[in-house]
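Residue numbers (the numbering used here), protein chains in the order written: chain A, 49 to 295; chain B, 149 to 347.
C-beta atoms are modelled at their ideal positions from N, C-alpha and C, and glycine is treated no differently.
One structure below.
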Amino acid sequence: MALKESEAIVLRTYPLREADLLVTLFTRLEGKVRGVARSAKKSRRRFGGALEPLTYVKASYEDRERQELTRLDSCEVLESPLATQVSYPRAVALAHVAELLDELLPDREANDAVFRLALSVLAGLRGTEVWMPVTYFELWITRLMGYLPDLSECITCGRVLNGNRAFFHALADGLMCLDDKRLASSEISAESRTLAAQMFRAPVESFAGAPWPKALGADLRKFLIQTLQRHIEKKLVTAGMLEKISS
Amino acid sequence: MSKFAEPMTRLIDELKKLPGIGSKTAQRLAFHILRSTDDDAEALAAAVRDVKASLRLCSICNNITDVDPCVYCSSPTRNQRLVCVVEEPTNIAAIERTKHFNGSYHVLHGSISPLHGVGPEQLRIANLMRRVEGGEVDEVIIATNPTVEGEATAVYLSEHIRRPGLKVTRIAMGIPVGSDIEYADEITMLKAMEGRREL
Numbered sequence: 049m050a051l052k053e054s055e056a057i058v059l060r061t062y063p064l065r066e067a068d069l070l071v072t073l074f075t076r077l078e079g080k081v082r083g084v085a086r087s088a089k090k091s092r093r094r095f096g097g098a099l100e101p102l103t104y105v106k107a108s109y110e111d112r113e114r115q116e117l118t119r120l121d122s123c124e125v126l127e128s129p130l131a132t133q134v135s136y137p138r139a140v141a142l143a144h145v146a147e148l149l150d151e152l153l154p155d156r157e158a159n160d161a162v163f164r165l166a167l168s169v170l171a172g173l174r175g176t177e178v179w180m181p182v183t184y185f186e187l188w189i190t191r192l193m194g195y196l197p198d199l200s201e202c203i204t205c206g207r208v209l210n211g212n213r214a215f216f217h218a219l220a221d222g223l224m225c226l227d228d229k230r231l232a233s234s235e236i237s238a239e240s241r242t243l244a245a246q247m248f249r250a251p252v253e254s255f256a257g258a259p260w261p262k263a264l265g266a267d268l269r270k271f272l273i274q275t276l277q278r279h280i281e282k283k284l285v286t287a288g289m290l291e292k293i294s295s
Numbered sequence: 149m150s151k152f153a154e155p156m157t158r159l160i161d162e163l164k165k166l167p168g169i170g171s172k173t174a175q176r177l178a179f180h181i182l183r184s185t186d187d188d189a190e191a192l193a194a195a196v197r198d199v200k201a202s203l204r205l206c207s208i209c210n211n212i213t214d215v216d217p218c219v220y221c222s223s224p225t226r227n228q229r230l231v232c233v234v235e236e237p238t239n240i241a242a243i244e245r246t247k248h249f250n251g252s253y254h255v256l257h258g259s260i261s262p263l264h265g266v267g268p269e270q271l272r273i274a275n276l277m278r279r280v281e282g283g284e285v286d287e288v289i290i291a292t293n294p295t296v297e298g299e300a301t302a303v304y305l306s307e308h309i310r311r312p313g314l315k316v317t318r319i320a321m322g323i324p325v326g327s328d329i330e331y332a333d334e335i336t337m338l339k340a341m342e343g344r345r346e347l
């Protein structure tokens with residue numbers, strides 16, 4: 049079979065046999081692809097630091113007949129997260145992006161919009177700021193996957209929520225008004241809904257530079273994570289770790 | 149019905165639990181043990197028993213040891229005020245092979261790995277903090293792996309152990325000795341340039 053070449057983002061690696069690595073790549077050409085990088089653990093010469101999670105690479109791989117796993121031939125680093133300092137909050141944020149992409153994307157289905165989103169958010173995560181890129185990524189990935197409900201009306205009565213209080217619940221499919229909110233619902237502020245509307249209209253770079261404390265958009269992130277977890281039917285490991293970061 | 153006698157099946161099943169050992173290898177090892185002398189088989193069984201019974205973690209550095217404190221922490225000839233922090237006990241052997249490091253160690257037993265749910269609280273950092281806070285250390289060398297996880301661990305540690313009078317350093321990264329610059333990947337080359345030193 050012919051060697052394929054594509055831009056890709058490394059999502060995860062797992063040890064396989066004595067010296068190989070099983071690599072999950074998000075390729076621009078074919079979406080999520082799993083492959084084997086032979087001797088990647090033993091010899092660093094062929095792959096070097098290219099298989100670190102969230103490294104943007106140019107990958108060459110070859111599909112094998114009647115085999116699900118592709119053979120990873122080489123990876124050339126285009127952008128590495130190791131190029132700038134990896135603080136603990138940044139490491140958790142990068143892992144969060146990797147986990148969301150790995151859990152949400154189907155195998156072998158190209159999605160250029162998500163690929164572009166991932167690249168722009170990774171660029172945003174080069175600095176010390178994590179909460180803005182994380183919020184932007186969670187919001188857009190929820191929308192691009194088709195899981196984001198209308199944030200402007202109550203899912204129960206259809207009332208317009210703009211200018212009114214809005215609530216969400218882990219088991220509800222959207223926002224609710226004050227009259228229809230369920231027991232143990234959480235409130236999502238009007239500021240956070242405005243923020244979401246702004247994020248839908250502007251690229252991630254336009255939010256860079258301004259201070260973004262953890263509290264800003266925290267209710268929006270909680271709502272998005274609940275929505276995503278309900279759809280994938282599992283808890284996201286990195287969501288809990290993000291929550292524990294103090295600032 | 150099992151292919152082998154019950155004790156043989158049991159041994160194969162136990163050997164299969166070891167990393168990198170599949171059914172065929174487990175069978176081969178089990179038959180090798182069966183064919184070996186009674187003394188050899190007994191020595192193997194005793195070695196397995198002893199490793200579980202006598203080994204523990206050093207109360208100072210978390211290295212795996214049969215005596216507490218371990219040989220590195222109790223040695224009067226080693227510089228106890230110089231501490232090298234590593235991820236795993238096996239990393240100590242790599243540093244010892246240089247024959248140039250005469251300090252002591254601290255083993256974290258892992259690195260920060262958010263994708264696996266491992267945060268700083270899962271690492272063995274507490275006794276390092278006690279050593280640093282007690283003023284027993286002049287320099288901490290952070291020798292975690294040059295990966296995203298190792299870097300995150302190094303940055304986290306450096307932020308948390310920093311004290312006036314304490315030097316915190318990170319091992320250098322770059323081109324391996326004997327290799328060719330032409331074949332170095334971009335990130336390794338970048339780290340090598342960043343870590344350059346004056347001659």
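Length of the line joining the Cα atoms of I323(B) and E330(B):
10 Å
Which residue's Cα is closest to the Cα of P101(A): F215(A), R138(A), M180(A)?
R138(A)
When the cut-off is 8 Å and only beta carbons count, does K282(A) lie next to chain B?
no
Grab me the residues of L159(B)'s own chain with a C-beta within less than 6 Å of its C-beta, minus the 5 sequence neighbours each way, in chain order.
A178
Nearest neighbour of T204(A), chosen from L276(A), P129(A), A161(A), A220(A) [CA to CA]:
Comparing C-alpha distances from T204(A) to each of L276(A), P129(A), A161(A), A220(A) shows the shortest one belongs to A220(A).
Residue-chain proximity (A139(A), chain B), Cβ-Cβ < 8 Å
yes
Quick check on V285(A): does DSSP put it in helix, strand or coil?
V285(A) falls in the helix class under three-state DSSP.
Pick helix, strand or coil for T157(B), following the three-state DSSP scheme.
DSSP places T157(B) in helix when its eight states are reduced to three.
Are the beta-carbon atoms of E190(B) and L130(A) separated by less than 8 Å?
Remark: C-beta atoms of E190(B) and L130(A) do not approach each other more closely than 8 Å.
Using a Cβ cut-off of 7 Å, pull out every chain B residue sitting near R112(A), in sequence order please.
Against chain B, a Cβ distance below 7 Å from R112(A) picks out nothing, because the smallest value is about 21 Å.
My output table needs one value for H217(A): the three-state DSSP class, helix, strand or coil.
coil
Just grab the DSSP bridge partners of M224(A) for me.
F215(A)
Terminal residues of the continuous alpha helix (DSSP H) containing H279(A)?
266-280
Put T190(A) into one of helix, strand or coil per three-state DSSP.
Residue state for T190(A) is assigned as helix, using DSSP reduced to three classes.
Check whether chain A comes within 8 Å of A201(B), counting only Cβ atoms and requiring the distance to be less than that.
Taking Cβ atoms only, chain A never reaches closer than 8 Å to A201(B), which makes this a no.
Per DSSP, the bridge partner or partners of P154(A):
BP columns for P154(A) are empty, so no partner.
In the structure shown, what three-state DSSP assignment does Q228(B) receive?
strand
Could you give the DSSP three-state label for H254(B): helix, strand or coil?
strand
Output yes if chain A places a C-beta closer than 8 Å to the C-beta of Y253(B); else output no.
Cβ-Cβ to chain A under 8 Å: no for Y253(B).
Please tell me whether G172(A) has its Cβ less than 8 Å away from any Cβ of chain B.
no
Note the first and the last residue of the continuous alpha helix (DSSP H) segment covering Y62(A).
Per DSSP, Y62(A) belongs to no alpha helix (DSSP H); it is in the beta strand (DSSP E), 51-64.
Consult DSSP for V325(B) and reduce its assignment to one of helix, strand or coil.
Reduced to three states, the DSSP call for V325(B) is coil.
If contacts are defined as beta-carbon pairs under 8 Å, then H319(B) and G97(A) qualify, I think. What distance do you get, rounded to the angstrom?
According to the sequence displayed, residue 319(B) carries Ile and not His. Actually they do not touch by this definition, with Cβ atoms about 15 Å apart.
Taking 8 Å as the threshold (beta carbon to beta carbon), is G211(A) in contact with chain B?
no
Among the residues of its own chain, which have a CB less than 8 Å from the CB of E297(B), if the five just before and after it don't count?
S259, I260, S261
Ordered along the chain, which non-local residues of its own chain (more than five positions away) have a Cβ less than 8 Å from that of G211(A)?
A238
The beta strand (DSSP E) with S222(B) in it runs from where to where?
Run containing S222(B): none in the beta strand (DSSP E); it sits in the alpha helix (DSSP H), 219-222.
From the DSSP secondary-structure annotation, give me the bridge partner or partners of K106(A).
E55(A), E124(A)
Scan the stretch 279-303 of chain B for residues whose Cβ lies nearer than 8 Å to a Cβ of chain A and list them as they occur along the chain.
P294, T295, V296, E297, E299, A300, V303
Touching or not, the stretch 178-187 of chain A and the stretch 161-170 of chain A, by the rule of three or more beta carbon pairs under 8 Å?
yes
Neighbour-count burial assignment, S128(A), 16 or more Cβ in a 10 Å radius
buried
Compute the Euclidean distance between the alpha carbons of L338(B) and V303(B), then round it to the nearest angstrom.
18 Å
For a minimum of 3 consecutive residues, which ranges assigned as the beta strand (DSSP E) are wholly contained in the stretch 288-322 of chain B?
Listed in chain order, the complete beta strand (DSSP E) runs (minimum 3 residues) inside the stretch 288-322 of chain B are 315-318.
Along chain B, which residues have their Cβ under 9 Å away from the Cβ of T286(A)?
P262, L263, G265
Under a three-way DSSP split, which group does T118(A) fall into?
T118(A) falls in the strand class under three-state DSSP.
At a CB distance below 8 Å, what residues from the stretch 129-159 of chain A approach chain B? Give them in sequence order.
P129, L130, A131, Q133, V134, S135, Y136, R138, A139, V140, L142, A143, H144, A146, E147
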